[in-house]
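Inspection log for the structure reproduced underneath, given as structure tokens.
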Ligand code: PLP
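Residue numbers (the UniProt record's numbering): 3 to 400.
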């Protein structure tokens, strides 16, 4: 008999949007309020102050009613002028899309190539900047956690590399799949513009994004000549001072944001990061036991929020994802670029824990068998053994 219903909760193991916790759903599920009234202003101020604690900044954070792509645009148009050179690092699909956007705005991106299996190399950035003796490069743009490949980059080391080269370029960092999941320190690391999104570590539905700023970014705003209207920082900052927005913001999402920020602090940000590190390691233990290859080829770039897994030659990763969805009600992330169809991604971020990750790994091991992908059984056991040992010597922070 055909069935049109998949019982039980769907395992949404894509690396974002992530499952929205019930508490956040309930916070969003409220009557519409006047977005020019006092109740809204109180909530908006809470959201605007709260999001600073997640970015770890004392500078303004802009909240856009737009997806992460809008916040990419906000970062570029508020700081740069047509013809400006920018240094971008080809870590994967998202870095490539950001570069294409820069080209549409008549910027001149210089692209440090990679094979999409590593993060950004600080030494390569330093060497590139040293050659720019005329200081024509106005910004270095890095994706902190390249969601398409599961490779993360060391932002503090990149800051040091820019300083070592004595280069005045702005540092722009895409934190869309790291914010609220992996350690990020906007002020301490000297980032000028950070780009964030609601739908990953912040556990919210898609449709809201952020620009965290620095004093240097606000200076660059004054001379930037790229056209800006919806994404203009000045209008936002002025209105935000009194708890309002230049237009009708996503009022319900702001209520959800206040709730999700509260949840992250209740757990403790360091505990949130330790949980993601632990779950990432559990997934990698399973993958290595299965004898499959992790796309990220250097452990120093391993992402704590997403792992991309290559299937052996002759096995179609998209067909594998289809089998897993049909039989085990689980969704994985797809693959991109030259390796499209050759890998799938397990997201391990957001409102997830050891038990949900074990469920996902069990589904994956069953799907590997069903799809006829050669692997050594027992990856689930390897992950469980690791999690038990991690809990026996917990890294929880008081
Ligand atoms: N940057 C990264 C690292 C992402 O993972 C994504 C989306 O997954 C984006 C940018 C684009 O964000 P959005 O799809 O919200 O526009």
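Backbone N, C-alpha and C fix where the C-beta goes; we use that ideal spot for every residue, glycine too.
If you're wondering where the values come from, they're calculated on a predicted model, not measured in any experiment.
Asked	Found
Flag residue 147 as yes when its Cβ comes closer than 7 Å to any non-hydrogen atom of the ligand PLP, and as no otherwise.	yes
Would you kindly check if the distance between the Cβ of residue 207 and the Cβ of residue 22 is under 8 Å?	yes
Excluding sequence positions up to five away, which residues of its chain have a Cβ less than 7 Å from the Cβ of residue 288?	363, 381, 382, 384 and 385
Let me know the secondary structure DSSP gives residue 356 once reduced to three states.	helix
Let me know the secondary structure DSSP gives residue 61 once reduced to three states.	coil
Taking 7 Å as the line, does the beta carbon of residue 96 fall inside it for any heavy atom of the ligand PLP?	yes
Extract the residue ranges of the beta strand (DSSP E) inside the region 135-212, only unbroken runs of 3 or more that lie entirely within it.	139-145, 172-176 and 195-199
Does the beta-carbon of residue 340 have 16 or more other beta-carbons within 10 angstroms, so that it is buried, or is it exposed?	exposed
Helix, strand or coil for residue 15? Go by DSSP, reduced to three states.	strand
Determine whether the Cβ of residue 8 lies closer than 8 Å to any Cβ atom of chain C.	In summary, chain C is missing from the structure at hand, where a single protein chain is found.
Measuring from the CB of residue 208, is there a heavy atom of the ligand PLP at a distance below 7 Å?	yes
Could you pull out every residue in the same chain whose Cβ sits closer than 6 Å to the Cβ of residue 5, ignoring the five residues on either side in sequence?	none
What's the C-alpha gap between residue 231 and residue 263?	28 Å
Considering only the alpha carbon of each residue, which of 273, 122 and 49 lies closest to residue 352?	273
Report the three-state DSSP secondary structure of residue 313 (helix, strand or coil).	coil
Quickly, what does DSSP pair residue 87 with across the bridge? List them, please.	110 and 139
Helix, strand or coil, according to DSSP, for residue 38 in the structure here?	coil
What residue from 87, 201 and 250 has the CA that sits closest to residue 42's CA?	250
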